[in-house]
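Following this line, the structure appears as structure tokens:
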């Protein structure tokens, strides 16, 4: 009888099948741990294509005759492209079959990376790097998509693995691109990146099932109206959006200026910067440790701790000087702090409304990466005009503002008597 009532309960949902609904049969769509790790590796490689450009900006600028003071525009264009993709493409994930949409974006990304490899002039390169950012937003489709493919009993742990894969891409992209540029030049790196995306396309097509969720199809303008309503009616999300805005602005400001400072003031080579950047490997480990603490009820405190680590990253070198130890600590604090805050804010937002995951994800990430684009431009500009200490103090101000948003978010949770 119990089984029969369950079938009857599901019948109304099935009756809505048609062009306005995508129906989930959980027994057919849950993915294995092997598929979860594939998605984590895919996110790692895709995000690496975005952040790997940071330590090789000077090489690209020199080759394409871009003034060093304006070189921040390279990463800025990629970040703007990413933000445009998140804002205008990712919300479609709530209304259209995700697998097709993801495969389409991956194909476009492979073409864009190959165009970066071939670019002979500044304008062609700018257009191609913008498209790389635009299509890399596919990661923000994969993350909410994967949550619908994981058993609810395993959702927290396994979705964290996928998000940690994306975090690892931010960490490994910089040293890998820097190291490979020293071997093959920056064009060779982008050719290899295009090849890696082609491999992801093939594996994704054959190993990952179609989308597994109910989603009412909205008109394209209706998607943005609904996003506005979600933002207005969810005060917790508003605070989380502002935190991510400040955190990402500070993070990209740091990494867009830090390698330039190391090369110009300390004469670091690409290999030196790559070795130093390996300190960022502490970030995914920090996410794993924080994850075990979050399961014990410390999730909200961990978000604030991440923002505090970002503040320490900016303050440590002005206070203690540009020694190897302080630079290592700055990298560890920055990458760990950003990733800890980002992972747990994102998880909290995506679990707020199962039928609006793609739209909520688009909302928070597009705003965050708009800030990231600003930081990418401000970093080289402030450093080349004023030096490292004013750059670090600008970043620390952003971290203090983020902590203020965190305190407001805590008060909202307290007033609603809820937790995450």
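Residue numbers (full-length UniProt numbering): 1 to 420.
We put the beta carbon where it would ideally sit given N, CA and C, even for glycine.
Check                                                                                                                                                                              : Outcome
Can you tell me where the alpha helix (DSSP H) with residue 59 in it begins and where it stops?                                                                                    : 57-63
Count the other C-beta atoms from every protein chain shown that fall within 10 angstroms of the C-beta of residue 34, then say buried if there are 16 or more, exposed otherwise. : exposed
What's the call for residue 140, buried or exposed, on a 16-neighbour Cβ count within 10 Å?                                                                                        : buried
On the CB-based measure, 16 or more other CB atoms within 10 Å of its CB, does residue 152 come out buried or exposed?                                                             : exposed
Let's see if you can read the secondary structure: which residues bound the alpha helix (DSSP H) around residue 89?                                                                : Unbroken run through residue 89: none, as it is neither H nor E.
Buried or exposed: where does residue 220 fall if 16 or more other Cβ atoms within 10 Å of its Cβ makes it buried?                                                                 : exposed
What residue does the alpha helix (DSSP H) around residue 409 start on, and which one ends it?                                                                                     : 388-416
Taking the alpha helix (DSSP H) that residue 234 belongs to, which residues open and close that run?                                                                               : Counting along the chain, residue 234 falls outside any alpha helix (DSSP H), and DSSP gives it neither H nor E.
Can you tell which of 330, 249, 204 has the C-alpha that lies nearest to the C-alpha of residue 367?                                                                               : 249
Using 8 Å as the threshold, is the region 174-182 in touch with the region 65-74, meaning 3 or more CB pairs across them?                                                          : no
Whose CA, out of 159, 112, 338, lies closest to the CA of residue 37?                                                                                                              : 159
What residue ranges within the region 95-166 form continuous alpha helix (DSSP H) runs of no fewer than 4 residues, ordered along the chain?                                       : 98-118, 122-136, 139-147
Just to confirm my understanding: we take residue 102, look at its own chain, exclude 5 residues before and 5 after, and list those with CB closer than 8 Å. What are they?        : 138, 141, 142, 145, 204
Three-state secondary structure (DSSP) at residue 206?                                                                                                                             : helix
Need the endpoints of the alpha helix (DSSP H) that residue 343 sits in, please.                                                                                                   : 324-350
Between the Cα of residue 356 and those of 218, 134, 236, 320, spot the shortest distance and give me the residue it belongs to.                                                   : 218
So, residue 365 versus residue 86, is the Cβ gap smaller than 8 Å?                                                                                                                 : yes
Can you check which of these residues, 167, 363, 157, 131, is closest to residue 115 by C-alpha distance?                                                                          : 131
Using the three-state DSSP reduction, which class does residue 268 fall into: helix, strand or coil?                                                                               : coil
Please report the straight-line C-alpha distance between residue 342 and residue 167, rounded to a whole angstrom.                                                                 : 9 Å
Could you check where the alpha helix (DSSP H) with residue 304 kicks off and where it finishes?                                                                                   : 299-320
With three or more C-beta pairs closer than 8 Å as the rule, is the region 267-274 touching the region 407-414?                                                                    : no
Are the CB atoms of residue 81 and residue 133 nearer to each other than 8 Å?                                                                                                      : yes
How many Å lie between residue 188 and residue 118 at the Cα?                                                                                                                      : 10 Å
Please say whether residue 53 and residue 358 have beta carbons closer to each other than 8 Å?                                                                                     : no
My understanding is that residue 110 touches residue 201, with C-beta atoms under 8 Å, so please give their C-beta distance in whole angstroms.                                    : 7 Å
Let's test the definition: count the other Cβ atoms within 10 Å of the Cβ of residue 386 and tell me whether it reaches 16, buried, or not, exposed.                               : exposed
Assign residue 100 to one of two classes, buried (16 or more other C-beta atoms within 10 Å of its C-beta) or exposed (fewer than that).                                           : exposed
In angstroms with no decimal places, state the Cα-to-Cα distance between residue 194 and residue 48.                                                                               : 12 Å
Give me the Cβ distance between residue 375 and residue 338, rounded to the nearest whole Å; I'm assuming they're in contact under 8 Å.                                            : Not a contact, Cβ separation roughly 11 Å.
Any idea what DSSP makes of residue 84, helix, strand or coil?                                                                                                                     : helix
Comparing C-alpha positions only, which one of 347, 373, 229, 354 sits nearest to residue 254?                                                                                     : 373
In this structure, how does DSSP classify residue 189 when only helix, strand and coil are distinguished?                                                                          : helix
By how many angstroms is the C-alpha of residue 184 removed from the C-alpha of residue 301?                                                                                       : 44 Å
Am I right that residue 344 and residue 299 are in contact with their C-beta atoms under 8 Å? What's the rounded C-beta distance?                                                  : 5 Å
Decide if residue 209 is buried, meaning its Cβ has at least 16 other Cβ atoms within 10 Å, or exposed.                                                                            : exposed
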